[in-house]
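In the numbering used here, the protein residues as written are 3 to 149. Read through the structure below, which is laid out as structure tokens, and then see the notes.
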């Protein structure tokens, strides 16, 4: 781990790097939105990353580029969920220091909008979801039309 990114807890680190047209890769700023414990004993922390106005003229704390929801399951699993809501590709990282795994690293894009990096029972892995940009309503119409 380097000095960039944010320590979310004493043993969980996250980071995002926005690949801008103007300046190339810029470190995204973290803004914590909230934190709570559910009735089921699960802990949730949420927030977002944004481009700093010091780096690009469209950067602003009020212009999120990547939403983050971190779920600490009562059973021990940790999910770091990234939701891409911008145009540039965004490199996403996480590391859970309580295990021996290397930091997770993936790229969120216009097509790969959702990335889940998770840690459970000493293992780490990634899930993702691709989007074609067609709304569910238009998808249903196209399926109906093509039948």
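For every residue, glycine included, the Cβ atom is placed at its ideal position computed from N, Cα and C. For clarity, every value in this text was computed on a predicted model and none was experimentally measured.
Following the continuous beta strand (DSSP E) through residue i, name the residue where it begins and the one where it ends.
| i | result |
| --- | --- |
| residue 2 | Residue 2 is absent from the model: the chain starts at 3 and stops at 149. |
| residue 59 | No beta strand (DSSP E) holds residue 59; DSSP gives it neither H nor E. |
| residue 83 | 80-86 |
| residue 34 | 31-39 |
| residue 74 | 68-74 |
| residue 49 | 45-52 |
| residue 109 | 106-110 |
| residue 126 | 125-132 |
| residue 94 | 92-98 |
| residue 122 | 114-122 |
Within 10 angstroms of its Cβ, does residue i collect 16 or more other Cβ (buried), or is it exposed?
| i | result |
| --- | --- |
| residue 1 | The structure shown does not extend to residue 1, since the chain is modelled only from 3 to 149, so the question has no answer here. |
| residue 132 | exposed |
| residue 26 | exposed |
| residue 96 | buried |
| residue 7 | buried |
| residue 63 | exposed |
Can we say the region 51-58 touches the region 115-125, given the rule of at least three CB pairs closer than 8 Å? no
Given 8 Å, three or more beta-carbon pairs between the region 28-40 and the region 103-114: no
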